[in-house]
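The block underneath contains the structure these notes are about, expressed in structure tokens.
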Amino acid sequence: MLSGHALRRAFVPETNPSPRNVMNPTYFHLPPPSLPRCGMAGRMTRLSGLMAVVLLALGCSILPGLAQSPQINEFLAINTKGAVDEDGTVQPWIEIYNPNMTTAASLAGYKLTDGTNTWAFPSVQVMPDDRLLVWASGKNRVVVTAPLHTSFTLPAGGGTLSLLNAGNAVVSSFVNYPAQTADVSWGRDISDVNTTATPPLTSVVGTKTATGFYSAPTPGEANNFTGDGVAAGEVAFSAPSGAFSTAPMTLTLSLNGAAPDAVIRYTLSTTGANVRASLPDATSPVYSAPLNITGTALVR
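Per our numbering, the sequence shown starts with residue 160, numbered consecutively.
And the structure:
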């Protein structure tokens with residue numbers, strides 16, 4: 160029997176992957192082509208030989224008038240084996256991106272906040288179309304010529320992370336981001352323009368077009384978002400796969416660590432001793448009530 164967790168992303172393998180971006184596993188990518196990129200995204204999850212699909216709606220937004228402002232591009236809340244700081248320790252990190260193609264962005268007076276704690280940048284600049292990595296370690300280091308460290312860490316259970324300008328206006332924010340997973344980052348692709356969303360997103364550089372999990376974090380590099388991507392919560396089954404002497408039995412499915420708008424889609428086959436059920440997809444029934452199992456069955 161298999162024991163696993165939700166698959167994280169759909170990746171297109173790179174022709175020449177960089178050393179920090181060589182993990183490009185093949186994942187199931189389920190949404191039909193007719194769905195807009197800011198619509199539904201699906202992921203397969205497996206537990207104890209049982210499978211189900213989790214679908215989430217992707218939220219896309221634009222901050223009017225702030226498209227050229229520095230942005231929080233990506234962050235990693237739980238770092239166990241990735242990039243290390245100047246002390247040689249793995250730490251959470253936040254990546255700030257300057258989407259302006261011609262002008263450096265000064266972060267003097269800018270701040271990062273999690274809603275409770277606020278940390279101010281020193282007088283540093285981010286070059287055009289470049290990225291600055293800030294360690295969210297709690298070490299509180301603000302020497303301009305050395306790596307920067309915030310005074311707070313990132314909660315693994317989810318929260319809000321915002322970038323404020325010198326006037327304390329929010330210029331970039333991940334609001335109510337979901338519970339995080341070790342070595343899986345949360346970020347946005349602001350270079351891939353979406354014209355199929357309703358209403359259509361503009362082609363202004365810096366527009367937030369896609370937000371989700373990245374199973375191959377890219378600190379200091381462009382995000383490699385290749386399609387709709389979110390981390391579905393783990394689907395938990397009330398019973399493992401196996402033989403049961405009592406019938407009927409009731410099977411319940413639940414989601415652990417998923418966004419509130421996540422749904423489970425499933426297939427159920429009860430024909431013959433060697434049952435076969437097709438893989439669930441975006442057209443499969445939505446799970447809404449316990450399943451009554453009266454004989455040999457396969458739930459996927």
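Think of the CB as a built atom: it goes at the ideal place given N, C-alpha and C, for glycine as much as any other residue.
For clarity, every value in this text was computed on a predicted model and none was experimentally measured.
Open item on the list: Buried or exposed for residue 444, going by 16 or more other Cβ atoms inside 10 Å?
Closed with: The residue is exposed, with fewer than 16 neighbouring Cβ atoms inside 10 Å.
Open item on the list: Can you tell me where the beta strand (DSSP E) holding residue 422 begins and where it ends?
Closed with: 422-424
TODO: From the DSSP output, read off the bridge partner residues of residue 233.
DONE: 254, 346
Task: 8 angstroms CB neighbourhood of residue 336 in its chain, flanking five on each side removed - done: Only residues of its own chain outside the window of five on either side were considered, and among them 317, 318, 319, 320, 345 have a CB closer than 8 angstroms to the CB of residue 336, listed in chain order.
Open item on the list: Cutting at 8 angstroms between CB atoms, please list the residues of its own chain near residue 251, excluding the five before and the five after it.
Closed with: For residue 251, where only same-chain residues beyond five positions count, the Cβ hits under 8 angstroms are 234, 235, 236, 237, 238, 294, 295, 296, 312, 313.
Task: CB contact flag (residue 269, residue 324, <7 angstroms) - done: yes
- [ ] Count the other C-beta atoms from every protein chain shown that fall within 10 angstroms of the C-beta of residue 375, then say buried if there are 16 or more, exposed otherwise.
- [x] buried
Open item on the list: Rounded to the nearest angstrom, what separates residue 285 and residue 230 at their Cα positions?
Closed with: 11 angstroms
Task: Helix, strand or coil at residue 285 [DSSP, three-state] - done: strand
Open item on the list: Going by DSSP in three states, residue 397 sits in which element: helix, strand or coil?
Closed with: coil
- [ ] Decide if residue 409 is buried, meaning its Cβ has at least 16 other Cβ atoms within 10 Å, or exposed.
- [x] exposed
Open item on the list: Can you look up residue 296 in the DSSP assignment and give me helix, strand or coil?
Closed with: In the structure shown, residue 296 sits in coil (DSSP, three-state: anything other than H, G, I, E or B).
Open item on the list: Suppose you measure from the CA of residue 310 to the CA of residue 267; what does that come to, to the nearest Å?
Closed with: Their backbone Cα atoms lie some 17 angstroms apart in a straight line.
TODO: Can you have a look at residue 327 and say buried or exposed, based on whether 16 or more other CB atoms are within 10 angstroms of its CB?
DONE: Exposed: under 16 other Cβ atoms inside 10 Å.
Open item on the list: Are the CB atoms of residue 248 and residue 287 within a distance shorter than 7 angstroms?
Closed with: The Cβ atoms of residue 287 and residue 248 lie no closer than 7 angstroms to each other.
Open item on the list: In this structure, how does DSSP classify residue 303 when only helix, strand and coil are distinguished?
Closed with: coil
Task: Proximity to residue 292 [Cα-Cα], best of 227, 427, 381 - done: 381
Task: Proximal residues to residue 338 (C-beta, below 7 angstroms), its chain only, five neighbours per side dropped - done: 315, 316, 317, 416
- [ ] State yes or no: is the C-beta of residue 379 within less than 7 angstroms of the C-beta of residue 290?
- [x] yes
Open item on the list: Tell me the rounded alpha-carbon separation between residue 255 and residue 347.
Closed with: Between residue 255 and residue 347, the C-alpha separation is close to 11 angstroms.
TODO: Return the chain-ordered list of same chain residues with a C-beta closer than 6 angstroms to the C-beta of residue 332, the five sequence neighbours on each side being excluded.
DONE: 321
TODO: Please name the residue, chosen from 228, 243, 442, 279, that lies closest to residue 259 on a Cα-to-Cα basis.
DONE: Per the Cα distances, 228.
- [ ] Could you give the DSSP three-state label for residue 443: helix, strand or coil?
- [x] coil
Open item on the list: Quick check on the DSSP output: the beta strand (DSSP E) that includes residue 228 runs from which residue to which?
Closed with: If you look at residue 228, you'll find it isn't in any beta strand (DSSP E); DSSP assigns it neither H nor E.
Open item on the list: Using only the alpha-carbon positions, how far apart do residue 306 and residue 341 sit?
Closed with: 23 angstroms
Task: beta strand (DSSP E) segment containing residue 338, residue limits - done: Where residue 338 is concerned, there is no enclosing beta strand (DSSP E), given that its DSSP letter is neither H nor E.
Task: Alpha carbon of residue 308 to alpha carbon of residue 272, nearest angstrom - done: 13 angstroms
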